[in-house]
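Engineer:
Numbering (this note's numbering), first residue to last: 1069 to 1209.
1. From residue 1157 to residue 1147, what distance separates their C-alpha atoms?
2. Would you report the Cα separation of residue 1107 and residue 1115, rounded to the nearest angstrom?
3. If you draw a straight line from the C-alpha of residue 1166 to the C-alpha of residue 1144, how long is it?
4. Is residue 1181 near residue 1200, with beta carbons less than 8 Å apart?
5. Buried or exposed: where does residue 1139 fall if 16 or more other Cβ atoms within 10 Å of its Cβ makes it buried?
6. Residue 1089: buried (16+ other C-beta within 10 angstroms of its C-beta) or exposed?
7. Mark residue 1171 as exposed unless 16 or more other C-beta atoms lie within 10 angstroms of its C-beta, in which case mark it buried.
8. For residue 1178 versus residue 1162, is the C-beta distance shorter than 8 Å?
9. State the Cα-Cα distance for the pair residue 1214 and residue 1113, rounded to the nearest angstrom.
Shown next, in the form of structure tokens:
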């Protein structure tokens, strides 16, 4: 099950992406999904994926070190569009000041990698950007 931290993080990140002018200029806000997208979403679209969460302990307190992946999907012909979306997602989230749920503080949020992949099962010119973000959250003191 998703932790309270994970849920708060997903909500805050999804809200940030839906409110970011750079991202929504390229992907409509209603195509940015915090949970599972519909069975056949309209392209381009963005979805949130939770990756492994590790325990985090420091002088700031105890919490989670979460890796999340923001996946974007767009058609070509080339990779210009998918790179533009991936870059906008990175800009929106890297070092962002996000407000999480009551009782949870965001220590840091950092972009760690972007990978562009083809989606040949969908279309010869379909692309997937996997943008990975590392976020540390702790119990508010």
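Using N, Cα and C, we set each Cβ at its ideal position, and we do this for glycine too.
Computed from a predicted model, the values in this text were never measured in an experiment.
Structural biologist: On the basis of the data shown:
1. Each residue's alpha carbon lies about 16 Å from the other.
2. Answer to the nearest angstrom: the Cα atoms are 13 Å apart.
3. Using only the alpha carbons, I get a separation of about 32 Å.
4. Here residue 1181 is near residue 1200, since their CB atoms are less than 8 Å apart.
5. With 16 or more other Cβ atoms within 10 Å, it is buried.
6. With fewer than 16 Cβ atoms within 10 Å of its Cβ, residue 1089 is classed as exposed.
7. By the 10 Å Cβ count, residue 1171 comes out exposed.
8. Yes; because the gap between Cβ atoms is below 8 Å, this pair is in contact.
9. Outside the shown range of the chain (1069 to 1209) lies residue 1214, about which nothing can therefore be said.
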